[in-house]
Amino acid sequence: MRFTKMHGTGNDYIYINCLEEKVENPEELAIKLSDRHFGIGSDGLILICYSEIADAMMRMFNADGSEGEMCGNAIRCVGKYLYDNGIVKNEEISIETLSGIKKIKLKIQNGTAVGARVDMGKAVLKPSLIPVLLDGDNVINRPVEIGGKEHKITCVSIGNPHCVVFVDDVDGLNLSLIGGQFENHPIFPERVNTEFVQVIDSTHIKMRVWERGSGETLACGTGACAAVVASVLCGHCDKGSQVEVLLKGGKLCIEFTDESVFMTGEAKKVFTGEIEI
Numbered sequence: 010m011r012f013t014k015m016h017g018t019g020n021d022y023i024y025i026n027c028l029e030e031k032v033e034n035p036e037e038l039a040i041k042l043s044d045r046h047f048g049i050g051s052d053g054l055i056l057i058c059y060s061e062i063a064d065a066m067m068r069m070f071n072a073d074g075s076e077g078e079m080c081g082n083a084i085r086c087v088g089k090y091l092y093d094n095g096i097v098k099n100e101e102i103s104i105e106t107l108s109g110i111k112k113i114k115l116k117i118q119n120g121t122a123v124g125a126r127v128d129m130g131k132a133v134l135k136p137s138l139i140p141v142l143l144d145g146d147n148v149i150n151r152p153v154e155i156g157g158k159e160h161k162i163t164c165v166s167i168g169n170p171h172c173v174v175f176v177d178d179v180d181g182l183n184l185s186l187i188g189g190q191f192e193n194h195p196i197f198p199e200r201v202n203t204e205f206v207q208v209i210d211s212t213h214i215k216m217r218v219w220e221r222g223s224g225e226t227l228a229c230g231t232g233a234c235a236a237v238v239a240s241v242l243c244g245h246c247d248k249g250s251q252v253e254v255l256l257k258g259g260k261l262c263i264e265f266t267d268e269s270v271f272m273t274g275e276a277k278k279v280f281t282g283e284i285e286i
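Numbering follows the numbering used here, with no gaps: position 204 of the sequence shown is 213.
Have a look at this one:
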């Protein structure tokens, strides 16, 4: 099977062109290929498939084989793959995902896509739609006990569920311990991606992320969007302004407006290859 390894801000995935390759068990394949010792090594598996309603469909599978609804860093790389391989010749591309159709505007340099701006859609705040098993119209800076400690959480869906926690020192966190406590807490029936955020100023925040099914990753596109939404809702940043999110793998620029959430970042090919499965 032929594959391409790509990354967006250090969030690396294995991309399979299902217009040419047949994948019968993507859940098992994601586990096998994502292993960094016995496989290729990645945060998960991305399938680029035919779509009747968009230029292509993206399916994403975490390193544990679970399927996710959306991946912000991966969708930029899907756009790059489609453009660089001549499958789609336009700089504006529509991608079908489990969380709806997303529109991306590619950044082109010397005939190659190097990044993209993605319209991620509106942020969802209603608890039942995130989902989070708490009452009210939203969950903003609400105290909840997780792992025997009280945390103030803000919950947002950007196509998949996110929980944002503001901290004073994001680098000093023992994320391997507390990340799993958040992911598997019973108030999150579908598990949750958790962003731990340190506010630098009104246009810069620093973030580490624990992704459900993958653990700590170098970056998370939807997580960066959720972090900025939460930063605005909690009064740390201004709505409509461009906020730079600093991650272990690089940076993303996020705009949260009344109409949508927009994410801008890089998309890079690491290598192509062939593997026996």
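All residues carry an ideal CB built from backbone N, CA and C; glycine is no exception.
- Excluding the 5 residues flanking it on each side, ARG126 has same chain C-beta neighbours closer than 8 Å at ILE113, LYS114, LYS116, PHE271, MET272, THR273, in chain order.
- Residue pairing from DSSP places MET67 in a beta bridge opposite ILE57.
- In this structure, ILE263 sits away from VAL279, with a CB-CB distance that is not shorter than 9 Å.
- LYS215 and PHE12 have their alpha carbons spaced roughly 32 Å apart.
- In the same chain as ALA235, and ignoring 5 residues on each side of it, the C-beta atoms closer than 7 Å to its own belong to VAL165, ILE167, HIS171, VAL173, GLU204, in chain order.
- For the set ASN169, GLU225, LEU186, the Cα lying nearest the Cα of ASP21 is the one of GLU225.
- Taking C-beta separations shorter than 8 Å and ignoring five residues to either side along the sequence, HIS46 has no partners in its chain.
- Beta bridge pairing from DSSP links ALA125 with LEU115, GLY274.
- Here the alpha carbon of ASN202 sits roughly 34 Å from the alpha carbon of GLY95.
- In the DSSP annotation of this structure, PRO195 is not part of any beta strand (DSSP E), being labelled neither H nor E.
- Shown here, ILE284 sits in coil according to DSSP, grouped into three states, outside any helix or strand.
- The residues PHE205, ARG217, TRP219, GLU225, in chain order, have a CB closer than 8 Å to that of LEU184 in the same chain once the five nearest residues on each side in sequence are set aside.
- Secondary structure at ILE167: coil, using DSSP grouped into helix, strand and coil.
- ARG11 is bridged by DSSP to GLU283.
- Counting only the Cα atoms, PRO195 lies some 22 Å from ALA239.
- The beta carbon of ALA233 lies closer than 6 Å to those of VAL254, LEU261, ILE263 in the same chain, with the five residues before and after it left out.
- Buried is the label assigned to ASN169, since at least 16 other Cβ atoms lie within 10 Å of its Cβ.
- Taking all protein chains in view, the Cβ of SER137 is surrounded by fewer than 16 other Cβ atoms within 10 Å, so the residue is classified as exposed.
- Contact annotation: GLY50 and LYS257 have beta-carbon atoms that are not nearer than 9 Å.
- Listed in chain order, the non-local C-beta contacts of CYS80 below 6 Å within the same chain comprise MET69, local neighbours out to five positions each way being set aside.
- About 7 Å separates the beta carbons of LYS111 and GLY130, which is inside the 8 Å limit, making them a contact pair.
- Within the model, the alpha-carbon separation for GLY120 versus VAL252 is close to 28 Å.
- In the three-state scheme derived from DSSP, where H, G and I count as helix and E and B as strand, ARG221 is classed as coil.
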